[in-house]
Amino acid sequence: MSQLILFSLLVACASAAVTQVPIAKPVFPEDAHRPSRTSRIVNGFPASVGQFPHQVRMLARISSTQNSVCGASIISDTFVLTAAHCTRGFNSFELGFGSIDFNNPQYSLTSSKKLEHSGYNPTNLNNDIALIELPVRLQWTKTVSPIQLPSYSQASMTFIGRQATASGFGKTKDENTQVSNLLMYVYTRIIGNSECSALYGTDIVRAFTLCTRGWG
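Numbering (mature numbering (1 follows the signal peptide of the UniProt record, and there is no 0)) for the sequence shown: -16 to -1, 1 to 200.
Structure, rendered in structure tokens:
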């Protein structure tokens, strides 16, 4: 049975090499609607150098000994986009750019400036989105460049049935804290919100929610 994904910033493959790093884990709202859930990770492929130049490895820190790992995307030379559950409660963010190796970013910056969506709800993950402002402007290279955002004319499009690609240094299993050393990616299929809300409910799936599931 194909797996369904509400939000995906961290994606990995079960066969990948792993690094033991704590994950910034939200309270997943689907747990309130189903007695159990299987792994959200369905296959995956190792990325090649420069394939996802927008990808950012983010270490969110509370102190020098307490940190969690998340993913982010470059959207401009001064901002990266991430999930609000990755910034809530953290005060410093170490950002790694330009590499498919978790432990060896080509370029690193540290920022303490975050902007969480004012409507973020940690219970149902509505508006689970945040910005990190960079201390200096990024310089574009073949391995560091922004992701293309939808145009204004595409704002009302649903993209149902289209292929989506998720990438990240993600967990290899739901039940542990291991993340991949290598940048991984997976293909998913965008589905309609009526199909999605049948599983997760209308409190979780809103008009602005994008749902995907595996092919098959």
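All C-beta atoms in this analysis are idealised placements derived from N, C-alpha and C, irrespective of residue type, glycine included. Since the model is a prediction, treat every value here as computed from it, not as a measurement.
- Within the same chain, F77, L79, I116, E117, L118, P119 come within 7 Å of S95 by CB-CB distance, once the 5 residues on both sides are set aside.
- For Y171, the three-state secondary structure derived from DSSP is strand.
- Counting only residues of its own chain and dropping the five nearest sequence neighbours on each side, F36 has a CB closer than 6 Å to the CB of S151.
- The Cβ atoms of A114 and T142 do not sit closer than 8 Å to each other.
- In this structure the region 98 to 110 lies against the region 174 to 189, because at least three pairs of beta carbons, one per stretch, are closer than 8 Å.
- With the rule of 3 Cβ pairs closer than 8 Å, the region 119 to 128 does not count as touching the region 166 to 185.
- In the DSSP assignment, L109 falls outside any alpha helix (DSSP H) and carries neither an H nor an E.
- Ranking T172, V64, H69 by CA distance to the CA of L122 puts V64 first.
- Assignment of S129 by DSSP, reduced to helix, strand and coil, places it in the coil class.
- Secondary structure at L122: coil, using DSSP grouped into helix, strand and coil.
- Partner residues in the beta bridge of Y91, as assigned by DSSP, are F81.
- The C-alpha of M168 lies about 5 Å from the C-alpha of P30.
- Burial check for S83: the Cβ neighbour count within 10 Å reaches 16 or more, so the residue is buried.
- Per DSSP, the continuous alpha helix (DSSP H) segment holding C180 begins and ends at 177 to 184.
- Scanning H101, S137, N105, N51 for the CA closest to the CA of N75 turns up N51.
- With respect to the C-alpha of E100, the residue from S48, P89, G73 having the closest C-alpha is G73.
- At a Cβ-Cβ threshold of 8 Å, H69 and I131 do not count as neighbours.
- The DSSP-derived three-state label of S164 is strand.
- With a cutoff of 8 Å on beta-carbon distance, T66 and C54 are scored as near each other.
- The Cβ atoms of T149 and I174 do not sit closer than 8 Å to each other.
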